[in-house]
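A.B. asks: Got a structure for you, questions after.
Residue numbers (UniProt numbering): 1 to 361.
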């Protein structure tokens, strides 16, 4: 039997397994956990009083030991291109979430940490520094808030496309918060949770090799690797993590993950930011094609988005096209990421939880 503690359990922190354990400890049957998941993730109800198939006795028990607490949204900004950025306050940290609509789909980019410890020097989040890992409830709460927001908009005849894809590409390095990311993924793909297809959920990592190896065979969702360089010399310069886990180590871990995964047709997404005169020449494209020749992958070229106090420049559109065409001629699937939300500091690499003009990075 659970004892009443000063700090109540936030039910958003619990995947189905932990939810079942929670209700068993309350002296309740297993099916109550599934009912609770349904109320939270199917009916978007977080008020115990409105859960009509729970007895008054159970509601009283729940109120004594638990809450369903969502993150506090402090700001909403909408881009000229339809992208929406929400800023959430978690204790004293601000964290951002981005909704990116397209014609037939909508992607939600969620954050896993307040700040980031990896210090990639082309990224505003990395320059911000690391504060802490987000809790399961804080990550799941981002998704819950936005899906519910879309539903509320619909009731007001203001239509936003439902979320079709979730990407862990916001603030932070997800694989440095593995303890909380695993239950988050459980809830996202569980039929009793958000019930997303594993092919529609992507975890993006800068290359935490031990964590990639650890999740291989345990987590099966789409994997994206922030590679951004065709060799160790360049990657060491722009991504300090490469001095710990170099490209060869990273590629071996990717192969290991793919050997145990069926998500996204068994391929990995290679993210490659285009930096003028740093990694964008034809010789770099040739190096990249050799590097990735035995990796089942698609390559996503990302035009660099400006951040404060940076000497980098984005490659010209012409150079990006030449780079892309070379890789395509070598048989690679290549896409060029659209610039979305840069007017509200919501584009790739721009998230810091505060206006860039307010922070000395």
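Don't be surprised by glycine CBs; every beta carbon is placed ideally from N, CA and C.
Out of curiosity, what's the CA-to-CA distance linking residue 68 and residue 45?
C.D. replies: Counting from 1 along the chain shown, the entry for residue 68 is found at position 68. Counting from 1 along the chain shown, the entry for residue 45 is found at position 45. Spanning the two alpha carbons is a distance of roughly 9 Å.
A.B. asks: Cutting at 6 Å between CB atoms, please list the residues of its own chain near residue 172, excluding the five before and the five after it.
C.D. replies: Here residue 172 refers to the residue found at position 172 when the chain shown is read from its first residue. Excluding residues within five positions, the ones whose Cβ falls inside 6 Å are 111, 112, 113, 116.
A.B. asks: Near residue 227, what residues of its chain come up, given a Cβ to Cβ distance below 7 Å and the 5 sequence neighbours on each side ignored?
C.D. replies: Residue 227 sits at position 227 when you count from the first residue of the chain shown. Counting only residues of its own chain and dropping the five nearest sequence neighbours on each side, residue 227 has a CB closer than 7 Å to the CB of 270, 271, 272.
A.B. asks: Look at residue 205 and residue 175 and say whether their C-beta atoms are less than 8 Å apart.
C.D. replies: Within the chain shown, numbered from 1, the residue matching residue 205 stands at position 205. Within the chain shown, numbered from 1, the residue matching residue 175 stands at position 175. It is a contact, given that the beta carbons lie within the stated cut-off.
A.B. asks: Rounded to a whole number of angstroms, what is the C-alpha to C-alpha distance between residue 342 and residue 24?
C.D. replies: Taking the chain shown and counting its residues from 1, one reaches residue 342 at position 342. Taking the chain shown and counting its residues from 1, one reaches residue 24 at position 24. Going from the Cα of residue 342 to the Cα of residue 24 covers about 48 Å.
A.B. asks: Taking its Cβ as the centre, do 16 or more other Cβ atoms sit within 10 Å of residue 311, making it buried, or is it exposed?
C.D. replies: Taking the chain shown and counting its residues from 1, the one referred to as residue 311 is at position 311. Classification for residue 311: exposed.
A.B. asks: What does DSSP give as the partner residue(s) for residue 290 in the beta ladder?
C.D. replies: Position 290 of the chain shown holds residue 290. None; residue 290 has no bridge partner.
A.B. asks: Does the beta-carbon of residue 276 have 16 or more other beta-carbons within 10 angstroms, so that it is buried, or is it exposed?
C.D. replies: As a first step, residue 276 is located in the chain shown; it is residue number 276 there, counting from the start. By the 10 Å Cβ count, residue 276 comes out exposed.
A.B. asks: Quick check on the DSSP output: what are the complete beta strand (DSSP E) runs of length 3 or more inside the stretch 213-280, in order along the chain?
C.D. replies: For the stretch 213-280, whole beta strand (DSSP E) runs of length 3 or above, ordered along the chain, are 222-226, 268-274.
A.B. asks: DSSP three-state label for residue 36, please.
C.D. replies: Taking the first residue of the chain shown as position 1, residue 36 is located at position 36. Looking at residue 36 - three-state DSSP - the assignment turns out to be helix.
A.B. asks: Round the Cβ separation of residue 224 and residue 164 to the nearest angstrom and send it over; I've been treating them as touching at under 8 Å.
C.D. replies: Counting from one through the chain shown, the residue named residue 224 turns up at place 224. Counting from one through the chain shown, the residue named residue 164 turns up at place 164. About 16 Å; that fails the 8 Å criterion.
A.B. asks: Helix, strand or coil, according to DSSP, for residue 130 in the structure here?
C.D. replies: One-based indexing of the chain shown puts residue 130 at position 130. Three-state DSSP puts residue 130 in a strand.
A.B. asks: Tell me the DSSP secondary structure of residue 137 in three-state form.
C.D. replies: Within the chain shown, residue 137 is the residue found at index 137, counting from 1. It is helical.
A.B. asks: Can at least three beta-carbon pairs, one atom from the stretch 249-265 and one from the stretch 300-314, be found at a separation below 8 Å?
C.D. replies: no
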